[in-house]
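Asks:
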Amino acid sequence: MTSFFKIYIEIQHDNRLISKLYDVTYRIIGHNVLYITLAVQGKYHVRTNYVLIDYENVQPPALSSLDKEYFKVYVFVGANQAKINFDVVEALQRFGSNGKYIKISGNGPNALDFHIAYFIGKIAAQDESPFFHIISKDTGFDPLITYLKASKIYACRSKSIHDMPIVKAASSTSLPERVSVVVANLKQRGNSRPRTPKTLASTVNSIFQKSLTESELSGLVRTLEQQGHVEISGNKVAYRLS
Numbered sequence: 001m002t003s004f005f006k007i008y009i010e011i012q013h014d015n016r017l018i019s020k021l022y023d024v025t026y027r028i029i030g031h032n033v034l035y036i037t038l039a040v041q042g043k044y045h046v047r048t049n050y051v052l053i054d055y056e057n058v059q060p061p062a063l064s065s066l067d068k069e070y071f072k073v074y075v076f077v078g079a080n081q082a083k084i085n086f087d088v089v090e091a092l093q094r095f096g097s098n099g100k101y102i103k104i105s106g107n108g109p110n111a112l113d114f115h116i117a118y119f120i121g122k123i124a125a126q127d128e129s130p131f132f133h134i135i136s137k138d139t140g141f142d143p144l145i146t147y148l149k150a151s152k153i154y155a156c157r158s159k160s161i162h163d164m165p166i167v168k169a170a171s172s173t174s175l176p177e178r179v180s181v182v183v184a185n186l187k188q189r190g191n192s193r194p195r196t197p198k199t200l201a202s203t204v205n206s207i208f209q210k211s212l213t214e215s216e217l218s219g220l221v222r223t224l225e226q227q228g229h230v231e232i233s234g235n236k237v238a239y240r241l242s
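Going left to right, the sequence shown walks through residues 1 to 242 as our numbering numbers them.
This is the structure in structure tokens:
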């Protein structure tokens, strides 16, 4: 109790400590937690999710699933691209300051990629706890994402808005769909997978933005075990993810 009180007092006076606490929570909860909320003096701080869309490579039909306060959307448009989907334009206007176009300067095989990398660095220098989502089919971004993760800057690449982990989780309603989302989550995290039943349940709950009922959560964890994806023995969890 004394230790918790001391940490709470320090958090109130040091925003950097808040960011460090987020990092610890992120590692415990898992790779695909896209925002974490922390109560401080009755207020809530939400991790900002920056969605960087490679519009030369992917032209999303709509952005309605990103209409949340914790998303900031950047659409990177090629120097020679003259047309943008009307629904995308309408959505960005609705997002207000949370939506922006970036018209790249000049042409080149990787010109747009370098612009995205620049903005990631710029934002990371200003925001202590960002999460970057690159929307592109270009696997050339993957080494950058690996480097960002090694530097404790959280990032992932998705081929479409629909493939974003948080969007897939929100649209998954059947048990098989939810199992698929959780297994994909666990595969991505490697050694950072939860090691106890309690943290596993917390991970699963967080993937679905804590929207599951207790019955749904326990049933989902039980199904993971029954299908052989996880093995729970006492207070330990082992994985068999194919």
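Beta carbons are placed, not taken as given, at the ideal position from N, Cα and C, and that holds for glycine.
These numbers were taken from a predicted model, which means no experiment stands behind them.
Nearer than 8 angstroms: is that true of the beta carbon of L66 relative to any heavy atom of the ligand SAH?
Replies: This structure simply doesn't include the ligand SAH, nor any ligand for that matter.
Asks: Determine the contact status of I53 and Y70, defining contact as a CB-CB distance below 9 angstroms.
Replies: Translated into positions along the sequence shown, residue 53 becomes position 53. Translated into positions along the sequence shown, residue 70 becomes position 70. No, the pair does not count as a contact, with Cβ atoms beyond the cut-off.
Asks: Just curious, the beta strand (DSSP E) that F76 is in, first and last residue?
Replies: Your numbering for residue 76 matches position 76 in the sequence shown. Residues F71 to V77.
Asks: I need the DSSP call for D127, collapsed to helix, strand or coil.
Replies: Along the sequence shown, one-based indexing puts residue 127 at 127. In this structure, D127 counts as coil in the three-state DSSP scheme.
Asks: Alpha carbon to alpha carbon, how far is N80 from I166? Give it in angstroms, no decimals.
Replies: As a first step, residue 166 is located in the sequence shown; it is residue number 166 there, counting from the start. As a first step, residue 80 is located in the sequence shown; it is residue number 80 there, counting from the start. Taking the straight line from one Cα to the other gives about 32 angstroms.
Asks: Just checking, does the region 130 to 139 make contact with the region 147 to 159 on the three C-beta pairs under 8 angstroms criterion?
Replies: Touching, per the Cβ criterion.
Asks: Whole angstroms is fine: what's the gap from S233's alpha carbon to R222's?
Replies: To locate residue 233, count along the sequence shown from 1; it is residue 233. To locate residue 222, count along the sequence shown from 1; it is residue 222. Distance between the alpha carbons of S233 and R222: 13 angstroms.
Asks: Determine the direct distance from the alpha carbon of E231 to that of Y101, and round the result to whole angstroms.
Replies: For this step, residue 101 is matched to residue 101 along the sequence shown. For this step, residue 231 is matched to residue 231 along the sequence shown. Answer to the nearest angstrom: the Cα atoms are 47 angstroms apart.
Asks: Grouping DSSP H, G and I as helix and E and B as strand, with all else coil, what is I102?
Replies: Indexing the sequence shown from 1 puts residue 102 at position 102. Residue state, collapsed to three classes: strand.
Asks: Going by Cα to Cα distance, which pick from F131, K103 and N205 is closest to N49?
Replies: Against the sequence shown, residue 49 aligns to sequence position 49. Ranking F131, K103 and N205 by Cα distance to N49 puts F131 first.
Asks: Who are the Cβ neighbours of I180 in its own chain at under 8 angstroms, not counting the five residues just before and after it?
Replies: Within the sequence shown, the letter at position 180 stands for residue 180. Here the sequence assigns Ser to residue 180, which means Ile is not the residue at that position. The residues are S172.
Asks: With 16 as the cutoff for other CB atoms within 10 Å, does L200 come out buried or exposed?
Replies: Residue mapping note: residue 200 aligns to position 200 of the sequence shown, counting from 1. That one is buried.
Asks: Taking its Cβ as the centre, do 16 or more other Cβ atoms sit within 10 Å of K236, making it buried, or is it exposed?
Replies: By one-based count along the sequence shown, residue 236 stands at place 236. Flag for K236 reads exposed.
Asks: Mapping DSSP to helix, strand and coil, what is V183?
Replies: Translated into positions along the sequence shown, residue 183 becomes position 183. Residue state, collapsed to three classes: helix.
Asks: Work out the CA separation of S206 and G42 for me, nearest whole Å.
Replies: Sequence index remark: in the sequence shown, residue 42 carries index 42 (1-based). Sequence index remark: in the sequence shown, residue 206 carries index 206 (1-based). Note that G42 scores 38 on pLDDT, short of 50, meaning its location in the model is unreliable; the coordinates nonetheless yield the value given after this. Roughly 21 angstroms separates the two Cα atoms.
Asks: Going by C-alpha to C-alpha distance, which of F76, D67 and K72 sits closest to Q59?
Replies: Taking the first residue of the sequence shown as 1, we reach residue 59 at position 59. Cα-wise, what sits closest to Q59 is F76.
Asks: Among H229, K83 and S202, which one has its Cα closest to the Cα of S218?
Replies: Residue mapping note: residue 218 aligns to position 218 of the sequence shown, counting from 1. For the residues H229, K83 and S202, the minimum Cα distance to S218 belongs to S202.
Asks: Return the chain-ordered ranges of every beta strand (DSSP E) run that is complete within the region 206 to 241 and spans a minimum of 3 residues.
Replies: The qualifying runs are 230 to 233 and 236 to 239.
Asks: Helix, strand or coil, according to DSSP, for L63 in the structure here?
Replies: As a working mapping, residue 63 is identified with position 63 in the sequence shown. Note: L63 maps to coil in three-state DSSP.
Asks: In the structure shown, what three-state DSSP assignment does G91 receive?
Replies: Numbered from its first residue, the sequence shown carries residue 91 at position 91. Checking the sequence shown, residue 91 turns out to be Ala, not Gly. In the structure shown, A91 sits in a helix (DSSP, three-state: H, G or I).
Asks: Please say whether L241 and L186 have beta carbons closer to each other than 9 angstroms?
Replies: Taking the sequence shown and counting its residues from 1, the one referred to as residue 186 is at position 186. Taking the sequence shown and counting its residues from 1, the one referred to as residue 241 is at position 241. Yes, they are a contact pair.
Asks: Do you know how far the Cα of F208 is from the Cα of D127?
Replies: Residue mapping note: residue 127 aligns to position 127 of the sequence shown, counting from 1. Residue mapping note: residue 208 aligns to position 208 of the sequence shown, counting from 1. Rounded to the nearest angstrom, the two C-alpha atoms are 25 angstroms apart.
Asks: Can you give me the Cβ contacts of A238 inside the same chain, cut-off strictly under 6 angstroms, excluding the 5 residues immediately before and after it?
Replies: In the sequence shown, residue 238 corresponds to position 238, counting from 1. Hits under 6 angstroms: E231.
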